[in-house]
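Everything on this sheet refers to the single structure shown next.
Protein chains in written order, with my numbering: chain G, 41 to 288; chain R, 661 to 762; chain D, 3 to 364; chain E, 539 to 1094.
Spelled out as structure tokens, the structure:
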């Protein structure tokens, strides 16, 4: 029987929605499999970041003063703003998933667009922060400058707030490790944000055409999971990188 | 297969999401405030505890794990478990290095 | 058997006559290691024999010709338990035995004679406390515990002496140690066993084990004119360490006399035993190792002293049991070449030769 | 039926390969390159993996030739270093890790659980493309000068002290890593969600259990390797200092991260092979695997314990002595499940009805060689003896016994066992039995002398060595020649059999797995009707009954 798709007894009496792939027996099985696959993917993401967290933990314990001075260079206002932005975007994403599940097309488009804008806002703020680091030569590598740590008063803004004591040269050198980890972790996070925003853009276009409000919501749910995961990573990055020791 | 239906049926509504949103915002405010206090040893513990609470809220409600199948819960737990294995087993080396030889 | 190729024949004859499973046992730990190895081999052989016997005998007994219809047998919990518990027990015996050997190889006795080894691409540089330098060779006496303090200047290397059954990685940025007591005079292989780049396979040398008398002769023959401690003293002066580390009441740094082996309280809290590793760190990354009561003003010497220089400084500090020598350095800093003469007059352990250069007890 | 074999082939005069099958359904190169059929992807993998195996094998040949004499005379030490590095990289990341899962697993996991395809067919194709991208990048690296860090990329050698193509090799491994993650993810989802009705976890064939365990390792371990490689690349290009001791970083941290993947990776390599052996031993002794549950759980135990032992690669590298104790103890625990498997396989033969077709010969080879390989692993997990044996040829011999003696034997056993199902034709029995014996002899001659070399202290990765080690090296090189013949033979006769082999019929081995319920070669959708599983795995009595019924039906 060439080219005939074989129907089994249990699936023959159901009608097949267009989105049911040929190798699944039922839409539940398909949705279940896709959701589980997404969770497994997030599992690999956790492991991917865990290498960085391990490195962070070790070096923070070794070079605590350098990490404190380094974190004072981060702007806690921007950091908090970004956290709030991401939390709101997670909320709008969750709302988007709800809209898709309850088949509200306009609500879905609105939620996704808001998430998209908030994501861009996050990246914008991150860019401002990165630019400040570049200007101060705090990007690790050949142009790295320890000036702000050897002589904190040369950096009046930060000094006014924290009155850091100068670090001795060998400890000041290790601020480079802090910034390496800062850029690695926030950079990896930002990369995930960029990918997420790209997918969101694609989803908004399809959502306007009503693709996700006809019962097949797996994709929206999965991207929602991804977005929330990125949010969780940031929650930790914020606590670990920005809030090491803000008291004077 | 009852699992499947459960997954498909349970929809978390905006009310829950709003509550979680506010909880997360309060958590953020708390953790920033706590970081400005001088608590010594407790500073990182509190920061991590608050971050973990926030993460748990996101996982349970935004990511629907509270209403998901056992398999999903198991996946989440195994993720956390392996994360802790990597960190703690690596630290067995780093912590005890300072103890000197035997 | 002439029709076999003569080359192969020669090979075989040579191999059969020289066959050995292990290199000669030339250190005190070697027989202990070999005992464990033979135990492991024995257990493996027994295990392998059991498996092979089972497979072969079942294959013969139950081959299709003899046993055309299989009898379905379910598993047996008793058997599963047996072959879980017995191997586990054996493995645990191996673990404990192995850990004891590991413990012995890496725990040097207190009176061990210390030799420094610096690994670099692609050679071993050995520094004896008496100032004898060797490259790709190590001379040691029999009957004396020798501790090697290893460090690498660049990548990971591994200092391996198969005849002693010891091996230790030389890693960049940190001292590692290993010790042995040679028993049989002779020349043995020294290998770098950690892959370290292009000429990894040329990073080999000889370990020469000598009787104590010969070793003493060798020491005098290879004398480089200044002991490691004297080299260190010169470095101490030229880096102006004594500007702070003197015993004067207004000194900005702690006195270094008798500091080696002492228990120090650090300004960061906690105490530490000042061993080689600590001294090295305190020179290169001082701020984490400030003695209580002193300001963190010492500059870092990372990148300014070679590993050999650090070793010389450490050796100098180890042998410093009074501040007299430091006073001398202060007085002679501005006339360096002359400090050599002053050094000869001093009565410090550094001048007494390597035999006494053990750990100086305060 | 004959006394010596269980093969029952259809009448060759009338038998035909079914007209409609996964090979004939569509034609043209594009229909292969754009397929999402797991069986076709498995064939793509089989071809590309064989290709990389022979490249890696050629490099191995060069290594053995160089070591024929004590001097570095065939090639300069530099070249030798590149050759063994590329041998390691290609064999591990492009042959061993994907070998059984990506070919046999891809082909038979859906069939064994009665599914039409893997859960994510397109991801499956993507993972083949990632694999090829990585593989071609690795080959490209070879042509532009190679890399000489060793496959372990040890820092700071790889970050600051070599000026070969570390970055492209790293990228190749990174990309191949993602291929492996996606394959593992796909398998886990498929095994969880796509099982046929009635197929409960404890009715699954052990091959599925083994691949499931290996997939868990792939999914959880590989990302850590990925991040370690990213860090090496950034350290090398930007000097971020994370692994640089002069900047306060710790080079050992790299090894922690690297071995966190690369130790479980050896279980990724061996577990699917163990799965194959369970299938083969059961089938050719016509018996349910002894202690099914124990074998199944031992796979999972290996996967779980496998994550707790990585630092035994670093016993002498300056990790703390306490950590050595912990990791040595845990390493002992991971050896137990392997022992359980070996004994269960041996006992499976008890009261069986054993025949000695090629897959069975390879399986016997596996049991013997893996026992030796596993036991010598205990030598290395024992912290004391590890001091003397690590970084010598003992290590080389140990992992070749496990990987080549174990995994490759299992791979060949599996290929022969399932060849009739994959192609619809039998391989020639006599010559393949010969090849199995040749492989076994060649293997032992190649690698057994290396145990002795290692005990004598010959370091690994040496282009030149002291002359007293020559004789054993000559044995080893001679063995490698025989081994090479043993590996070339299957390629020749398997290709020959594609056209001239006997037509196999649906179930030439009288095997019980669901995959044998389908036609050979199978339909694109695997089964004409989704099977319902109503019996245990390896239920040969059920099979007999079913065949009797069929016989009755056809007689009527």
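Here a beta-carbon is modelled for each residue, glycine too, at the ideal position from N, C-alpha and C.
Keep in mind the model is a prediction, meaning the values are calculated, not measured.
- In the DSSP assignment, residue 930 (chain E) forms a beta bridge with E:997.
- Under DSSP, residue 127 (chain D) forms a beta bridge with D:120 and D:137.
- Here the alpha carbon of residue 963 (chain E) sits roughly 21 Å from the alpha carbon of residue 647 (chain E).
- With contact defined as three or more Cβ pairs closer than 8 Å, the stretch 274–286 of chain D and the stretch 81–95 of chain D are not in contact.
- Membership of residue 266 (chain D) in the beta strand (DSSP E) is indicated by the continuous run 265–267.
- One alpha carbon belongs to residue 916 (chain E), the other to residue 850 (chain E), and they sit about 11 Å apart.
- Within the stretch 720–804 of chain E, the runs of alpha helix (DSSP H) at least 4 residues long that lie entirely inside it are, in chain order, 744–776.
- Looking at the backbone, the Cα of residue 210 (chain G) and that of residue 256 (chain D) are separated by about 19 Å.
- Contact note: residue 758 (chain E) reaches chain R through 742, using a C-beta cutoff of 7 Å and chain order.
- By the beta-carbon neighbour count (other beta carbons within 10 angstroms, threshold 16), residue 18 (chain D) is exposed.
- The stretch 764–774 of chain E makes no contact with the stretch 904–916 of chain E; the number of CB pairs closer than 8 Å stays below 3.
- No Cβ of chain G is located within less than 8 Å of the beta carbon of residue 698 (chain E).
- In the same chain as residue 269 (chain G), and ignoring 5 residues on each side of it, the C-beta atoms closer than 7 Å to its own belong to 82 and 85, in chain order.
- If you draw a 10 Å sphere on the C-beta of residue 306 (chain D), you find fewer than 16 other C-beta atoms in it, and that means exposed.
- Listed along chain G are 208, 209 and 210, each with a C-beta nearer than 9 Å to that of residue 301 (chain D).
- Under the three-pair Cβ rule at 8 Å, the stretch 262–276 of chain G counts as touching the stretch 123–136 of chain G.
- Annotation for residue 269 (chain D): 292 and 294 place their beta carbon closer than 6 Å to its own, counting only its chain and skipping 5 residues before and after.
- Relative to residue 217 (chain G), the option among E:678, E:798, E:608 and E:773 whose CA is nearest is E:773.
- Rounded to the nearest angstrom, the gap between the Cα atoms of residue 169 (chain D) and residue 108 (chain D) is 10 Å.
- In this structure, residue 731 (chain R) sits near residue 76 (chain G), with a CB-CB distance shorter than 8 Å.
- Within chain G, the residues whose beta carbon sits less than 8 Å from that of residue 288 (chain D) are 208 and 210, listed in sequence order.
- Setting aside the 5 residues that flank it on each side, residue 156 (chain D) is surrounded in the same chain by 122, 123 and 174, each with a C-beta closer than 7 Å to its C-beta; the list follows chain order.
- Of the candidates E:843, E:1036, E:1040 and E:1023, E:843 places its Cα closest to the Cα of residue 870 (chain E).
- Listed along chain G, no residue sits closer than 8 Å to residue 752 (chain R) by beta-carbon distance, the nearest being about 12 Å off.
- Beta-bridge pairing by DSSP links residue 1045 (chain E) to no other residue.
- Inside the stretch 998–1071 of chain E, DSSP marks whole alpha helix (DSSP H) runs of 4 or more residues at positions 1008–1038, from first to last along the chain.
- Contact of residue 98 (chain G) with chain E is assigned, a C-beta pair being separated by under 8 Å.
- Taking each of G:208, G:243 and G:234 in turn and checking the Cα distance to residue 298 (chain D), the smallest one comes out for G:208.
- Annotation for residue 220 (chain D): no beta strand (DSSP E) segment contains it, though the alpha helix (DSSP H) segment containing it runs 214–223.
- Note on residue 778 (chain E): 16 or more other CB atoms within 10 angstroms of its CB, so buried under the neighbour-count rule.
- Neighbours of residue 701 (chain R) in chain G, taken as residues whose beta carbon is under 8 Å from its own, are absent, since the nearest beta carbon is some 11 Å off.
- Here the stretch 805–824 of chain E makes contact with the stretch 890–904 of chain E; the two share three or more CB pairs at distances below 8 Å.
- Residue 219 (chain G) is positioned such that its CB atom lies no closer than 8 Å to that of residue 119 (chain G).
- When C-beta distances to chain E are compared with 8 Å, the residues of the stretch 102–113 of chain G below that value are 102 and 103, in chain order.
- Secondary structure at residue 322 (chain D): coil, using DSSP grouped into helix, strand and coil.
- The C-alpha of residue 215 (chain G) lies about 12 Å from the C-alpha of residue 177 (chain G).
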